[in-house]
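Visitor: For the sequence shown, UniProt numbering begins at 1 and goes up steadily by one. For glycine and all other residues, C-beta sits at the position ideal for the given N, C-alpha and C.
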Amino acid sequence: MAGEIKRASSSRKEGGSDPVPAVCRRPTTDLKDVQDILKSVVSSSEGFVSRHTSINEEEEKMSSSNNQFSPPPPLLLRQITSPVSSQPPPILSDTDPPAPAPHEKSPPSPDDIDGSRGVEAGQRKGAKRSPLYGEIIVLGTNGTLPCAPLSPKMSHSFVLKKQPKSTGVSLIVRNPGDAESLSRVHTHTVAMTMSKTKTSVMEFGPDPSVDMFQIGRSADSAIDFVVVDTIEEEAGEGRRRVFNSSSSVSRYSCRILCEREPPYTAKLYAAAFDTNRKIQLSAAAPTWSDSETGATDGLTTNGVTLLRPQGVFESGVEPGEWREVTVMGNLRERRPLRSSREPGPPILMETNVLTDGCLIDLCGVTLMWRSAMGLDHGPSNTLIRDRQTALNNMTPQCPVNFMTLHFKSGRLVTTPATETGLEGETLREPWVYMNCGHVFGQHSWKGLKDEDNHQRTCPLCSKVGTYTKLELGNERAFFVDDGPLTHTFSPCGHVTTEKTAKYWSKVSLPYLASQWISCCPFCSSHLCPTKPLVKLFFN
Numbered sequence: 001m002a003g004e005i006k007r008a009s010s011s012r013k014e015g016g017s018d019p020v021p022a023v024c025r026r027p028t029t030d031l032k033d034v035q036d037i038l039k040s041v042v043s044s045s046e047g048f049v050s051r052h053t054s055i056n057e058e059e060e061k062m063s064s065s066n067n068q069f070s071p072p073p074p075l076l077l078r079q080i081t082s083p084v085s086s087q088p089p090p091i092l093s094d095t096d097p098p099a100p101a102p103h104e105k106s107p108p109s110p111d112d113i114d115g116s117r118g119v120e121a122g123q124r125k126g127a128k129r130s131p132l133y134g135e136i137i138v139l140g141t142n143g144t145l146p147c148a149p150l151s152p153k154m155s156h157s158f159v160l161k162k163q164p165k166s167t168g169v170s171l172i173v174r175n176p177g178d179a180e181s182l183s184r185v186h187t188h189t190v191a192m193t194m195s196k197t198k199t200s201v202m203e204f205g206p207d208p209s210v211d212m213f214q215i216g217r218s219a220d221s222a223i224d225f226v227v228v229d230t231i232e233e234e235a236g237e238g239r240r241r242v243f244n245s246s247s248s249v250s251r252y253s254c255r256i257l258c259e260r261e262p263p264y265t266a267k268l269y270a271a272a273f274d275t276n277r278k279i280q281l282s283a284a285a286p287t288w289s290d291s292e293t294g295a296t297d298g299l300t301t302n303g304v305t306l307l308r309p310q311g312v313f314e315s316g317v318e319p320g321e322w323r324e325v326t327v328m329g330n331l332r333e334r335r336p337l338r339s340s341r342e343p344g345p346p347i348l349m350e351t352n353v354l355t356d357g358c359l360i361d362l363c364g365v366t367l368m369w370r371s372a373m374g375l376d377h378g379p380s381n382t383l384i385r386d387r388q389t390a391l392n393n394m395t396p397q398c399p400v401n402f403m404t405l406h407f408k409s410g411r412l413v414t415t416p417a418t419e420t421g422l423e424g425e426t427l428r429e430p431w432v433y434m435n436c437g438h439v440f441g442q443h444s445w446k447g448l449k450d451e452d453n454h455q456r457t458c459p460l461c462s463k464v465g466t467y468t469k470l471e472l473g474n475e476r477a478f479f480v481d482d483g484p485l486t487h488t489f490s491p492c493g494h495v496t497t498e499k500t501a502k503y504w505s506k507v508s509l510p511y512l513a514s515q516w517i518s519c520c521p522f523c524s525s526h527l528c529p530t531k532p533l534v535k536l537f538f539n
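1. Is it buried or exposed for Ser514, if we count other Cβ within 10 angstroms and need 16 for buried?
2. Expressed to the nearest angstrom, what Euclidean distance is found between the alpha-carbon atoms of residue 541 and Lys446?
3. Between Arg308 and Pro319, what straight-line distance do the alpha-carbon atoms span, to the nearest angstrom?
4. Contact defined as beta carbons within less than 8 Å: I believe Phe213 pairs with Val228. What is the distance between those atoms, to the nearest angstrom?
5. Per DSSP, Thr296 is paired with what?
6. Does the contact criterion of 3 or more C-beta pairs under 8 Å hold for the region 488-508 versus the region 157-172?
7. Rounded to whole angstroms, what is the Cα-Cα separation between Val400 and Glu429?
8. Please state the DSSP three-state secondary structure of Phe243.
9. Are the beta-carbon atoms of Cys147 and Ser248 separated by less than 8 Å?
10. Going by beta-carbon coordinates alone, are Thr287 and Met194 separated by less than 8 Å?
11. From Pro262 to Asn393, what distance separates their C-alpha atoms?
12. Determine the contact status of Pro131 and Lys161, defining contact as a CB-CB distance below 8 Å.
13. Using the beta-carbon count (16 or more within 10 Å), is Ala283 buried or exposed?
14. Which runs of the beta strand (DSSP E) fall wholly inside the UniProt domain "Pellino RING" (391-538) and span at least 3 residues, in chain order?
15. When the Cβ atoms of the region 377-388 are set against those of the region 321-332, are three or more pairs found closer than 8 Å?
16. So, for Lys105: in the same chain, excluding its five sequence neighbours on each side, which residues have a beta-carbon less than 8 Å away from its beta-carbon?
17. Ordered along the chain, which non-local residues of its own chain (more than five positions away) have a Cβ less than 7 Å from that of Gly493?
18. So what's residue 541 in DSSP terms, helix, strand or just coil?
19. Kindly list the residues whose CB is nearer than 7 Å to the CB of Cys523, restricted to its own chain and excluding five residues on each side of it in sequence; keep chain order.
20. Are the beta-carbon atoms belonging to Leu536 and Gly437 less than 8 Å from one another?
21. Can you tell me whether Met368 is helix, strand or coil according to DSSP?
22. So Val325 is in the beta strand (DSSP E); what residue range does that whole segment cover?
23. Does the distance from the CB of Ala266 to the CB of Leu331 come in under 8 Å?
24. Please report the Cβ distance between Ile137 and Arg370, rounded to the nearest whole angstrom; I am assuming they are in contact, meaning their Cβ atoms lie under 8 Å.
25. With a cut-off of 8 Å on the beta carbons, I'd call Leu257 and Val312 a contact; round off their distance for me.
26. Would a C-beta distance cut-off of 8 Å place Cys519 and Leu512 closer than the cut-off?
27. Using the Cα positions of Gln397 and Thr389, report the straight-line distance between them to the nearest angstrom.
28. From the DSSP output, read off the bridge partner residues of Arg332.
29. Where does the unbroken beta strand (DSSP E) through Lys278 begin, and where does it stop?
30. What residue range is occupied by the uninterrupted beta strand (DSSP E) comprising Leu133?
31. Following the continuous beta strand (DSSP E) through Pro206, name the residue where it begins and the one where it ends.
32. Can you grab the Cα-Cα spacing for the pair Asp356 / Met349, in whole Å?
33. Can you look up Leu375 in the DSSP assignment and give me helix, strand or coil?
34. Whose C-alpha, out of Gln163, Phe225 and Lys278, is nearest the C-alpha of Glu203?
35. Would Val507 be called buried (16 or more neighbouring beta carbons within 10 Å of its own) or exposed?
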């Protein structure tokens, strides 16, 4: 036995056959075979990559043509690559936020939202914007016109911003008696009748440093902002405001020139150029000439007056004095009568520069100038809505109907009141007794001596006074502070802050030929001379 084992081992050493069965031996592979296998794998992968690349190139060529249809790639490729782009997918880290779905719109970033207005500005951060010079607001509009506009250029407010190209003009030549300038088509001229035989003509040329904005009643292309005064008329059982068909506002009232470079100074001038680029003062307009310099100047027939606040337009501001602005931008004392042909004495220590909070009266319409900086530092629309929300959160109740009163977006919530007999009226409307300031809901209770709805007896204090519905003041440009809404104008019933009500009750606006009145800035109603503002008392 031992001899057989030795012979078997010696035979294996000599290169003989292995007596171990093939199924029991570990399979072995020659190095050449391994190299052949690797080469086949590499060649197959290269063929797949080349086919993948060619397919993507064909997709790009087909997608570049608008008239060709791009078929989807095979299922295997759709699982590996993007079906529309050959660019590699972005590498996301663990801290990167997930991308939105294809059908979802990404939310706007804070840079896309205008905080002052609370709406999307539509411009990305870094996009170049036109600088704002300021804003003109028509007095008596509570965020909207009281009636439908007659022209696309009519609005309750006008925004003045830097134009792509300069639109301003300035004086270049004074030629008294030169009638040739009037016939030039591409020249801005101002003609003043000095006497029956003498006319002064001044020529204006383009000024690249300023932008010009023109205001008037005319809807001509030369006018940028159209303004028309309104009147009240009977409308069924109530009254409504309509545009005055016999308006006293001039067709070409005034013009504002704004410097195109910081600090963007704005200046006011009487009269505006017409479509022929001419200003022609009527024979009834006051005109004069300087005896020393020979410079001529004049006023419009009904005049353009300017009031500047004393100090910054904020809490504690006081109104200033009215001045009349000339065609050349000088200031004079206001004429005793608007139609007077005798101009007031000149004012040398003041200029026609518009400061924040200025008022511009055009004989029928009063405008307010708010600078861009003044609006940024003043109360925003969001803050005013927060004050209104705080007023509703007090849950004031009517002592008669025991209903919670509620303001909503400057308008009042309407609720049928059939159970109290007030058919078509509302229970949650805040109303106020102007003589005492107690706030109620709309109710039908009257005192024994009350004969109409204009004079009612307050159920709490028995004082007799007007009974008026309250409405919220929404135009932020008229507010001088951001305090709580605690007061109302009398007799219109617009709710505002205490300091805002006190300021506007001190402002005297020109009325008719020689009168002065105080008005509510939100509706232009004449304020009560003895009690222009009332403090509100909620139950």
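Guide: In terms of the structure at hand:
1. Within a 10 Å sphere around the beta-carbon of Ser514 sit fewer than 16 other beta-carbons, which makes this residue exposed.
2. Limits of the chain in this structure are 1 at one end and 539 at the other, which puts residue 541 out of reach.
3. Whole-angstrom Cα-Cα distance: 7 Å.
4. Not a contact, Cβ separation roughly 17 Å.
5. Ser289.
6. In short, these stretches do not touch, since the Cβ pair count stays below three.
7. Taking the CA atoms as reference points, Val400 sits about 13 Å from Glu429.
8. Of the three classes helix, strand and coil, the one that applies to Phe243 here is strand, per DSSP.
9. No, they are not a contact pair.
10. Yes, these two residues count as a Cβ contact at 8 Å.
11. Approximately 44 Å between the Cα atoms of the pair.
12. Their beta carbons are under 8 Å apart, which means Pro131 touches Lys161 by this criterion.
13. When all chains shown are included, Ala283 counts as exposed.
14. With a minimum length of 3 residues, the continuous beta strand (DSSP E) runs that stay inside the UniProt domain "Pellino RING" (391-538) are 430-433, 439-441, 467-469, 485-489, 494-497, 509-511, 515-517 and 533-535.
15. Result no; under three Cβ-Cβ pairs closer than 8 Å.
16. Its pLDDT being 34, under 50, Lys105 is placed unreliably in this model, and the value from its coordinates should be taken loosely. Non-local beta-carbon contacts of Lys105 in its own chain, meaning distances under 8 Å to residues more than five positions away in sequence, are absent.
17. Sequence-distant Cβ neighbours of Gly493 in its own chain, meaning closer than 7 Å and more than five residues away, are Val432, Thr468, Lys469, Leu470 and Glu471.
18. Because the chain spans 1 through 539 in this model, residue 541 falls outside it and cannot be assessed.
19. Cβ within range, chain order: Gly140, Asn142, Cys492 and His494.
20. In this structure, Leu536 sits near Gly437, with a CB-CB distance shorter than 8 Å.
21. In this structure, Met368 counts as strand in the three-state DSSP scheme.
22. Val325 -> beta strand (DSSP E) spans Trp322 to Val325.
23. Cβ atoms of Ala266 and Leu331: not closer than 8 Å.
24. Contact holds; Cβ gap of about 7 Å.
25. Separation of the CB atoms of Leu257 and Val312 is rounded to 23 Å, and the pair is thereby denied contact status at 8 Å.
26. It is not a contact, given that the beta carbons lie outside the stated cut-off.
27. When rounded, the separation of the alpha-carbon atoms in Gln397 and Thr389 is 16 Å.
28. In the DSSP output, where bridge partners are listed per residue, Arg332 has Glu324 and Pro346.
29. Boundaries of the beta strand (DSSP E) around Lys278: Lys278 to Gln280.
30. Checking the displayed sequence, the identity of residue 133 turns out to be Tyr instead of Leu. Segment Leu132 to Val138, the beta strand (DSSP E) holding Tyr133.
31. For Pro206, the enclosing beta strand (DSSP E) begins and ends at Thr199 to Asp207.
32. Distance between the alpha carbons of Asp356 and Met349 is about 19 Å.
33. Per DSSP, reduced to three states, the secondary structure at Leu375 is helical.
34. Taking only the C-alpha atoms, the option nearest Glu203 is Lys278.
35. Burial of Val507 is indicated by the presence of at least 16 other C-beta atoms within 10 angstroms of its C-beta.
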